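Each remark here refers to the structure printed beneath this line.
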Amino acid sequence: MKKKLNLAPVFFVGPHVILFAVFVLLPTIYGIYASFTKWNLMNDPVWVGLDNYKTILFDSGSTFHTQFQNGLKNTLIFVVLSVPLLIIIPLMIAVALEHKKVKMKNLIQSILYIPGLISISAAALIWLLIFNKQLGITGNIFGSQIAWPTHQPYAWLIIIVITIWGGVGGNMIIYRASISGVAPDLYESAELDGAGAIRRFTSITLPSIRFPLIYTFVMTTAGAFNVFGQPLMMTDGGPQQSTHVLMMYIRQLAFGNGESIAGMASAMAVLLGLIILVISALQYYVMNRNAA
Amino acid sequence: MDNRPALNGQGASKKGLGISISKYISYFFLISLCLIWVIPVIFGVSTSFRSQTEVVSSGFRLFPEQWILENYVKILDNTSTAPILRWLMNSLFIATLHTFLVVVIISITGYGYSRMKFKGRDTLFFTLLGISFFPGVVNLIPSYKIIDALGWVNTSWAMIIPGLAGMGNIFLVRQFMNGIPRELDESATVDGASDFRIYASVILPLMKPILIVCGLFSFTGSWNDFLWPVIVFTDVDKMPVTAGLLLLQDIYGNYRMIGQLMGSAILAIIPTMLLFLFAQKYFVQSINLNSGIKG
Numbered sequence: 001m002k003k004k005l006n007l008a009p010v011f012f013v014g015p016h017v018i019l020f021a022v023f024v025l026l027p028t029i030y031g032i033y034a035s036f037t038k039w040n041l042m043n044d045p046v047w048v049g050l051d052n053y054k055t056i057l058f059d060s061g062s063t064f065h066t067q068f069q070n071g072l073k074n075t076l077i078f079v080v081l082s083v084p085l086l087i088i089i090p091l092m093i094a095v096a097l098e099h100k101k102v103k104m105k106n107l108i109q110s111i112l113y114i115p116g117l118i119s120i121s122a123a124a125l126i127w128l129l130i131f132n133k134q135l136g137i138t139g140n141i142f143g144s145q146i147a148w149p150t151h152q153p154y155a156w157l158i159i160i161v162i163t164i165w166g167g168v169g170g171n172m173i174i175y176r177a178s179i180s181g182v183a184p185d186l187y188e189s190a191e192l193d194g195a196g197a198i199r200r201f202t203s204i205t206l207p208s209i210r211f212p213l214i215y216t217f218v219m220t221t222a223g224a225f226n227v228f229g230q231p232l233m234m235t236d237g238g239p240q241q242s243t244h245v246l247m248m249y250i251r252q253l254a255f256g257n258g259e260s261i262a263g264m265a266s267a268m269a270v271l272l273g274l275i276i277l278v279i280s281a282l283q284y285y286v287m288n289r290n291a292a
Numbered sequence: 293m294d295n296r297p298a299l300n301g302q303g304a305s306k307k308g309l310g311i312s313i314s315k316y317i318s319y320f321f322l323i324s325l326c327l328i329w330v331i332p333v334i335f336g337v338s339t340s341f342r343s344q345t346e347v348v349s350s351g352f353r354l355f356p357e358q359w360i361l362e363n364y365v366k367i368l369d370n371t372s373t374a375p376i377l378r379w380l381m382n383s384l385f386i387a388t389l390h391t392f393l394v395v396v397i398i399s400i401t402g403y404g405y406s407r408m409k410f411k412g413r414d415t416l417f418f419t420l421l422g423i424s425f426f427p428g429v430v431n432l433i434p435s436y437k438i439i440d441a442l443g444w445v446n447t448s449w450a451m452i453i454p455g456l457a458g459m460g461n462i463f464l465v466r467q468f469m470n471g472i473p474r475e476l477d478e479s480a481t482v483d484g485a486s487d488f489r490i491y492a493s494v495i496l497p498l499m500k501p502i503l504i505v506c507g508l509f510s511f512t513g514s515w516n517d518f519l520w521p522v523i524v525f526t527d528v529d530k531m532p533v534t535a536g537l538l539l540l541q542d543i544y545g546n547y548r549m550i551g552q553l554m555g556s557a558i559l560a561i562i563p564t565m566l567l568f569l570f571a572q573k574y575f576v577q578s579i580n581l582n583s584g585i586k587g
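Line by line, the protein sequences are chains A and B.
In terms of this note's numbering, the first sequence is residues 1 to 292.
In terms of this note's numbering, the second sequence is residues 293 to 587.
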C-alpha cells in the first residue's frame, strides 16, 4: 500500500502548474528572448543581441530613444503624482472610519469603493463630460473655459483625478480591515496614558499595520508604472505627447498600425519590468528595515 | 478627597471634547469625500436620461428637467455600429465563466498547497509565487502570440483562460486554508476519506467567504480589464464592453450624442455594482492581511 505512488497531488496542483507554465512562465521567458531580436510578430525573431537596448538607451538620433525617454518621464510623473495620494487618502479614510463614534461605516465604505468597480473606459466617458468646458460641471458651475484634456497641467490633473477617484477604494478596504484587527486595549491604555489622537496614530496604528502598508505601497507603485487606460482614454497621450506613457508606446510598437516592431517593444517592456522590479525590491527593503 | 473626582471629571470632559471634535472632523472629511465620489456617478446616470437639447441648453443640473428613456431605446436599437447589448453579453459570458473557473482552480490548487503533504510542495509554491512577481509587461507580447497560436484572437477564450494562471488568489486561499484546524481533515483521513472527499465535503464549505471575495475580484477584474481586450479584439461583434466603449467616443461623435454615450457607460457598470452589493458583507472580514501574514 505505502509503496504505491500517490498521484493525488498531481490532480490538485497539476492543472494550475500547466496553466502557469503556458501563460506565465513561457511568455515571460519568450518576452526576454524577444527583446534581443528583430521581430514583427509574423516571421521568426532574428537574434540581434543588445542592439535594441543600445538603440533605446543610447542612440539619441532614434525615435525609439526619444519615445522611451518621453514615455518613461511621463510614467514617472504619473507614479510620483498618484502613488502618495493613493496611499495617504485611503489611510485617512480608514482612520476616520475606525473612529468609534462614526456611524454608517459600511455605507460610507461602499460609496467610496463604488468607483473602483467602474471600468476605466466607462469612468472616462463620465469624467470627460464633467470636464467638458461647454457641457460639464467645471464649465457650468465654476465657469472655467479650460480645455482640460488638451492643456497642461490640466491634462495631468484630470488623469490624476480619475485615478484617485477609482483607486482609493481597494487600499481603503485593506487598511480598514487591518486597523480593525488592532487590539482595542492598546488604544485604551494609550488613552489612559494621555496619548492624543496623533500620538496614537503614529505609535500604535502605523506600526500595527506595517505589513499592509508595505504591501499596498509596493503594489500601488508597481500598478502605477503599468498605467495605460487613464491617459489613453482621457488625453490620448496629449497635449504634445506630454501624457504619452511607456505602456502606450509599447502597445503601439507591437500592435499599432503598420509593421509591428515587437522586438523593440519587448526590449522596452523588459526595461520597464526591470525598473518595476528594482523599485519594488528597494521599497520592500527600505520599509522593512526602517520599520523593524 | 475632594480633588480626585474633580480631576477625574476634568480629564473625562477633556477627553470627551477631543473625541467629539475628532468625530466632527471625521464626519466632515468622510461626507465631503462621499459627495465628491458619488456626484460623477449621479451626473452620468441623470445625463443618460436627458434629451440632447436639454444637455446643451440648460446649464448644469444634477437631475434632468424631464426624464426620458429615448437614449436607452436608441442605444439598444443601434446594433450595427455600436452593438452594446452584444458587448454586454460577451462581457457577461467572459466574466462569469472566468470567475467560475477561477473559483474551481484556486480552491483545488489551494487545497493542494495547504492541506496535502508531498515532497517539494512549499518549494514549488514559493517558486511559482516568486516568478509571478516578475512584471506582466514582459509577457504581454508573447502572450498575444500564444493566444494567436491557439486560434483565440477575437474569441472570449483569450480573456477566460490566461487569467486562471495567476498566483494572487491562490496565495490568499492558501493563507485562509492554513487557518482551518488540521484536526478536521485528520479525523476524516482516519475515517478513510480520500483527499477529494475531504476537499469537497470538509474544506470547501468552510471556504465560502474567501471564495466569494476572490470571485468578486475576478469578476470585476475580468469585466473591467482594458489593455488586454484592446489588444486581442479587433472584431467589433466579439468585443467585451470595455473595448467597445473605447470605440464609442468616435461612434457618438465625441460628445455630440451625450445621452447615448452616458447611457452606454451606465449600462456597462451595472453588473459589477449589483455583484458588489451582494458580496459586500464578506469584504471586511476576509481581507485581514494583518493576522494573515504578519507572523
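Where a beta carbon is used, it is the ideal one built from N, C-alpha and C, also for glycine.
These numbers were taken from a predicted model, which means no experiment stands behind them.
query, result
"What would DSSP say about A/T37, mapped onto helix, strand or coil?", "strand"
"Check whether the region 494–509 of chain B touches the region 386–400 of chain B, taking contact to mean three or more Cβ pairs, one atom from each stretch, closer than 8 Å.", "yes"
"Determine the burial state of A/M233: buried for a count of at least 16 other Cβ atoms within 10 Å of its Cβ, exposed for fewer.", "buried"
"Express the C-alpha separation of A/A155 and A/A147 in angstroms, rounding to a whole number.", "9 Å"
"Evaluate A/G196 with the Cβ neighbour count: other Cβ atoms within 10 Å of its Cβ, from every protein chain shown; 16 or more gives buried, anything less gives exposed.", "exposed"
"Taking Cβ-Cβ distances shorter than 7 Å, what residues in chain A pair up with B/K315?", "H99, K101 and V102"
"Here's a check: name, in chain order, each residue in its chain whose Cβ is nearer than 7 Å to the Cβ of B/A286, leaving out the five neighbours to either side.", "Look at the range of chain B in this structure, 293 to 587, and you will see that residue 286 of chain B is not part of it."
"Measure the Cβ-Cβ separation of B/P532 and B/M451 and say whether it is below 8 Å.", "yes"
"DSSP on B/V445, reduced to helix/strand/coil?", "coil"
"What is the residue span of the alpha helix (DSSP H) that A/K122 lies within?", "The amino acid at residue 122 of chain A is misidentified as Lys; the sequence shows Ala. Where A/A122 is concerned, the enclosing alpha helix (DSSP H) stretches over I120 to I130."
"Identify every residue that forms a DSSP beta bridge with A/W47.", "A/T37"
"Unbroken alpha helix (DSSP H) runs of length 4 or more, entirely within the region 198–266 of chain A: which are they?", "210–225, 229–234 and 246–255"
"Among B/F417, B/S343, B/A571 and B/P473, which residue has its Cα nearest to the Cα of B/W359?", "B/S343"
"Counting contacts by CB-CB distance shorter than 8 Å, is A/I146 in contact with chain B?", "no"
"Name, please, each residue of chain B whose Cβ falls closer than 9 Å to the Cβ of A/L7.", "Chain B residues near A/L7: none, gap ~10 Å exceeds 9 Å."
"Would A/R251 count as contacting chain B if we go by Cβ distances under 8 Å?", "yes"
"Could you tell me whether any Cβ in chain B is nearer than 8 Å to the Cβ of A/P115?", "yes"
"Which of the three DSSP states, helix, strand or coil, is assigned to B/G301?", "Low per-residue confidence applies at B/G301: pLDDT is 40, beneath 50, and the placement is therefore not dependable, though the value from the model is reported in the following sentence. Three-state DSSP puts B/G301 in a helix."
"Any idea what DSSP makes of A/V10, helix, strand or coil?", "helix"
"Do the region 82–94 of chain A and the region 521–528 of chain B touch if we need at least three Cβ pairs shorter than 8 Å?", "no"
"Can you find the residues in the same chain that come closer than 7 Å, C-beta to C-beta, to A/T37, ignoring five residues on each side of it along the sequence?", "P45, V46, W47, V48 and G263"
"Which word fits A/F217, buried or exposed, when buried means at least 16 other C-beta atoms lie within 10 angstroms of its C-beta?", "buried"
"For the 8 Å Cβ check, are there 3 or more pairs between the region 547–556 of chain B and the region 277–291 of chain A?", "no"
"Please state if the CB of B/V465 and the CB of B/A480 are separated by a distance shorter than 8 Å.", "no"
"Taking buried to mean at least 16 other C-beta atoms within 10 Å of its own C-beta, is B/A441 buried or exposed?", "exposed"
"How close, in whole Å, do the beta carbons of A/I126 and B/P332 come, if the pair is a contact with beta carbons under 8 Å?", "5 Å"
"State buried or exposed for A/Q152, treating a residue as buried only when at least 16 other CB atoms are found within 10 Å of its CB.", "exposed"
"What are the boundary residues of the alpha helix (DSSP H) that B/F355 is part of?", "Counting along the chain, B/F355 falls outside any alpha helix (DSSP H), and DSSP gives it neither H nor E."
"Can you tell me whether B/F488 is helix, strand or coil according to DSSP?", "helix"
"With 7 Å as the limit, tell me which residues of the region 151–169 of chain A have their beta carbon closer than that to any beta carbon of chain B; keep them in chain order.", "W165"
"Is the CB of A/S189 under 8 Å away from at least one CB in chain B?", "no"
"Less than 8 Å between the C-beta atoms of A/T205 and A/V182, yes or no?", "yes"
"Between which residues of its own chain and A/G139 is the CB-CB distance below 8 Å, once the five residues before and five after are set aside?", "N132, K133 and Q145"
"Just mark A/S203 as buried or exposed, buried being the case when its beta carbon has 16 or more other beta carbons within 10 Å.", "exposed"
"Going along the region 340–361 of chain B in order, which residues come within less than 8 Å of chain A, judged by CB to CB distance?", "V347, V348, G351 and F352"
"CA-CA distance, A/S242 and A/I77?", "10 Å"
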